[in-house]
Amino acid sequence: MEATRLFIGVDLGTTTTKAVVFDARGRVQGQAAKESGFDQPQPGWAEQDAERIFQDTREVIGAAVKRAGAGPKEIAGVAFSAAMHGMMPVDAGGHPLSRCLIWTDNRSAAIAQRLRRDPMGKELYQRCGVPHHAMVPLCKVIWLRQNMPEIFQKSSRFISIKEYIFFRLFGSYVIDYSLASATGLFNLYNLNWEPEALRLAGISSEQLSQPVPTTYILQGLKAEDAAAMGLEPETPFIIGASDGTLANLGVGAIEPGLAAISIGTSGAVRVHVEQPRTDPQMRTFCYALTEKDWIIGGPINNGGLAYRWLRDKFFQAEAKAARERGEDVYDLINAYAAKVPPGSDGLIFLPFLTGERAPGWNDNARGIIFGLDLHHGREHLARATMEGVCFSLYSVALALQDLSGPFKEIRVTGGFTRSPLWLQILADIFGQEVSAASGIEGACLGAAVLGMKAVGEIGDLEIVHQILPQGEVFKPQAGAAKNYHRFYQTFMEVYKNLNKDINLHARWLED
Numbered sequence: 001m002e003a004t005r006l007f008i009g010v011d012l013g014t015t016t017t018k019a020v021v022f023d024a025r026g027r028v029q030g031q032a033a034k035e036s037g038f039d040q041p042q043p044g045w046a047e048q049d050a051e052r053i054f055q056d057t058r059e060v061i062g063a064a065v066k067r068a069g070a071g072p073k074e075i076a077g078v079a080f081s082a083a084m085h086g087m088m089p090v091d092a093g094g095h096p097l098s099r100c101l102i103w104t105d106n107r108s109a110a111i112a113q114r115l116r117r118d119p120m121g122k123e124l125y126q127r128c129g130v131p132h133h134a135m136v137p138l139c140k141v142i143w144l145r146q147n148m149p150e151i152f153q154k155s156s157r158f159i160s161i162k163e164y165i166f167f168r169l170f171g172s173y174v175i176d177y178s179l180a181s182a183t184g185l186f187n188l189y190n191l192n193w194e195p196e197a198l199r200l201a202g203i204s205s206e207q208l209s210q211p212v213p214t215t216y217i218l219q220g221l222k223a224e225d226a227a228a229m230g231l232e233p234e235t236p237f238i239i240g241a242s243d244g245t246l247a248n249l250g251v252g253a254i255e256p257g258l259a260a261i262s263i264g265t266s267g268a269v270r271v272h273v274e275q276p277r278t279d280p281q282m283r284t285f286c287y288a289l290t291e292k293d294w295i296i297g298g299p300i301n302n303g304g305l306a307y308r309w310l311r312d313k314f315f316q317a318e319a320k321a322a323r324e325r326g327e328d329v330y331d332l333i334n335a336y337a338a339k340v341p342p343g344s345d346g347l348i349f350l351p352f353l354t355g356e357r358a359p360g361w362n363d364n365a366r367g368i369i370f371g372l373d374l375h376h377g378r379e380h381l382a383r384a385t386m387e388g389v390c391f392s393l394y395s396v397a398l399a400l401q402d403l404s405g406p407f408k409e410i411r412v413t414g415g416f417t418r419s420p421l422w423l424q425i426l427a428d429i430f431g432q433e434v435s436a437a438s439g440i441e442g443a444c445l446g447a448a449v450l451g452m453k454a455v456g457e458i459g460d461l462e463i464v465h466q467i468l469p470q471g472e473v474f475k476p477q478a479g480a481a482k483n484y485h486r487f488y489q490t491f492m493e494v495y496k497n498l499n500k501d502i503n504l505h506a507r508w509l510e511d
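Heads up: the sequence shown runs through residues 1 to 511, numbered per my numbering.
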C-alpha cells in the first residue's frame, strides 16, 4: 500500500506564523499557528525579531505535523508563503545587525516620495513593477545607508525573514522570484537584480540573495531541526512565493478575469496576467508567481489592522470578557455593526491609520472620521470601519480594471471571510457577487499546491480548481449597492478635499 503523501504550507505573516498540513487533494489534516507579532519602537517604525520567527516556524511545523498524526516519511514537501517587503541587514556570519523592517515600517517615506517624483524613479517602476513607497526594501536600504551608516557599513547582506529562515536551515542565501519582485530592486523582464536600483541603494548584487524560481527545492536539514519539526532530514523544502501571489493561487484566481480580494492585517485586490504589466500612473504592482504567471494589483495598508484598532480602543472591556469566556470579540463587534444600516447613518471613516498604499500611495495619509454626530455610537464606527476598508479596496479595483478589464468573478480570502457581514458589505460596494470558501487558508494552500508542483505530484497549477471547496456566494442587494455607489463618491470627495490637510498634519508633526 502506497504511503500517504502530505504537503505542508507555511505562511510567515505580519502578525501570525502558520503551518497547515494538506493531503494531495487539498484537505486539511492538521494545522498550527502562533502569534509572532511585531514591535513599534517609535511612531512610524515596525520591526520583527527574525530569531523569534525562526523558532516559531519550527514550532508550528512540528505542531501541525503532530496534529495531523503524520510520520516523518509521510511529508512529501514543505513550501513557504511570506509577507513581502521585509529588509534586515546581517553580518558575514548571517547574524542580524538589526530587527527586520517590515512592510508597515514608514521611516523611509520621504525617500519614497522623492523617488515617485524623480524621472529615474518612474523608469525603475516600469522595470521593477513596485510603486515607490516606504514599504519597499529599496527605500529601506537607502534610509539605512543615510541614517545608520555604521550598521550599513557592517552589513554583508540585506535579506528578509524567509531568506533568514532558509539560511538558518540550509546555509544558503536564496530568494524566490516572487519576493524578489516586491523589493524594487529586481528586474521583471530578465529576472535578476536591476543595476540602476542597486546603484541608488548603494549596494552590489553580491549583498543580495540568489534569485531562484518559486519551485526551487532545498534539502539536507540538520538533525536537530528535522527532529523539532517531525521531519526527515531529506524532506524537500520548497522556497515558495509571496503571500499575495499565493493567496491568488489558493483561491484559484489564476486565469484572466478572476479577481482575488484579501483582508488580513492589510488588504489587496489582485488579478492574474501571463506577462509583466505595469501602470502608466504607477498605481499598481506587478509580482511574479512563476516565470509564466504574474499577479498585478494594489494593496491597502489598513484592513484587519483597522478593525483591531477598533477592538483595542473602543471594545477593551468586551475583548477582556470574551477572552475569559473563550469567545471571539469580533463576533460581538460584528453584531453591533449589523444593527446599523448601510452608510452608517452618515458616518464616514477613512481608515488610513498607517498611511495608505494603492491607488494613491500617500505615506502621510491618516485616518479621518467624518460626519460624526451626537447620535453616533460605537456600533456606527464599527460598521463605518468595515465600509471604509471596503471602499479603499474598491478604489484599488477601479484602478486595476483599467489594466485588466472588468472582473468576471471575485473570490475572497483572509480572516474577514469568517464574517458574513464583511462579505455582504463587500458585495454591495462592488455591486458584484463574491464567493468565499470558509476555512480556507489561501496562502498556505497556495504554497502547498506550489510544493506539489515542485516535487512532481501535479503537473499544472490549475489542479487547484479541482481541490477547492464550493464557496458561499454573497449577492449584492440592489438598494444597498445603489446607495453605496453614492456613499463611495462622498468617501472619495472627503479624501480629495482633506488631502492637503493630511500633508499639513504631517509637516506639523515634523515641526
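By construction, the Cβ of each residue, glycine as well, lies at the ideal position given by its N, Cα and C atoms. Values in this document were obtained by computation on a predicted structure and should not be read as measured data.
| Check | Outcome |
| --- | --- |
| Should R120 go down as buried or exposed, given a rule of 16 or more other Cβ atoms within 10 Å for buried? | Arg is not the amino acid found at residue 120; the sequence shown has Met there. That one is exposed. |
| Within its chain, find whatever has a CB closer than 7 angstroms to the CB of W508; leave out the 5 residues flanking it on each side and keep chain order. | Confidence in W508 is poor, its pLDDT being 49 and thus under 50, which makes the residue's placement too unreliable to answer from. |
| Whose C-alpha, out of P72, Q126, E274, L450, is nearest the C-alpha of N187? | Q126 |
| Given a threshold of 16 other Cβ atoms within 10 Å of its Cβ, counted over all protein chains shown, does Y164 qualify as buried or as exposed? | buried |
| Kindly confirm or deny that the segment 235-249 and the segment 289-300 touch, where touching means at least three C-beta pairs closer than 8 angstroms. | yes |
| Taking all protein chains shown into account, do 16 or more other C-beta atoms lie within 10 angstroms of the C-beta of D460, making it buried, or fewer, making it exposed? | exposed |
| On the DSSP bridge list, what partners appear for D23? | L6 |
| Taking buried to mean at least 16 other C-beta atoms within 10 Å of its own C-beta, is L514 buried or exposed? | This structure leaves residue 514 out entirely; the chain is present only between 1 and 511. |
| Would you tell me roughly how many angstroms separate the C-alpha atoms of R366 and Y394, rounded to the nearest one? | 18 angstroms |
| Quick check on DSSP: helix, strand or coil for M282? | coil |
| How many angstroms separate the CA atom of M1 from the CA atom of E327? | Because M1 carries a pLDDT of 38, less than 50, the predicted location of this residue cannot be relied on, and the following value inherits that uncertainty. Near 43 angstroms, if we compare the C-alpha coordinates of E327 and M1. |
| Let me confirm a value: A50 is counted as buried when at least 16 other C-beta atoms fall within 10 Å, else exposed. Which label applies? | buried |
| Would you mind listing the alpha helix (DSSP H) stretches within the segment 166-225 that are 4+ residues and don't spill past its ends, in chain order? | 177-180, 195-201 |
| Could you tell me the alpha carbon to alpha carbon distance between A134 and A46, rounded to whole angstroms? | 11 angstroms |
| Name the one or two DSSP bridge partners that C100 has. | Q48 |
| For R283 versus P359, is the C-beta spacing smaller than 8 angstroms? | yes |
| Following the continuous alpha helix (DSSP H) through E387, name the residue where it begins and the one where it ends. | 378-404 |
| When the Cα atoms are used, what is the spatial distance from A201 to F80? | 28 angstroms |
| Can you look up N106 in the DSSP assignment and give me helix, strand or coil? | coil |
| Rounded to the nearest angstrom, how far is the Cβ of N301 from that of T14, given a contact under 8 angstroms? | About 11 angstroms separates the two Cβ atoms, so there is no contact after all. |
| What separation, rounded to the nearest whole angstrom, lies between the Cα atoms of S404 and L310? | 34 angstroms |
| Under a Cβ-count criterion, where at least 16 other Cβ atoms within 10 Å of its own Cβ denotes burial, should Q489 be classed as buried or exposed? | exposed |
| Would you call the segment 84-102 and the segment 460-479 in contact, with 3 or more CB pairs under 8 angstroms? | no |
| Check this for me: beta carbons of Y173 and I159, under 8 angstroms apart or not? | yes |
| Rounded to a whole number of angstroms, what is the C-alpha to C-alpha distance between H513 and A338? | Any property of residue 513 remains undetermined from this structure, which presents the chain solely from 1 to 511. |
| Nearest by alpha-carbon distance to Y331: which of H376, F315, M452 is it? | Reading off the sequence, residue 331 comes out as Asp, not Tyr. Of the candidates H376, F315, M452, the one whose C-alpha sits nearest the C-alpha of D331 is F315. |
| Given 8 angstroms as the limit, is there contact between the segment 213-233 and the segment 257-270, that is, 3 or more CB pairs closer than that? | no |
| So is Q281 buried or exposed if we call it buried at 16+ other beta carbons inside 10 Å? | exposed |
| Which value, in whole angstroms, describes the spacing of the CA atoms of P236 and S419? | 36 angstroms |
| Check F38 in the structure and name its three-state DSSP category. | coil |
| For A412 and V251, I'd like the C-alpha separation in whole angstroms. | One point to set straight first is that residue 412 is Val, not Ala, in the sequence displayed. Taking the straight line joining both Cα atoms gives about 7 angstroms. |
| Hey, how far is the Cα of I61 from the Cα of L208? | 27 angstroms |
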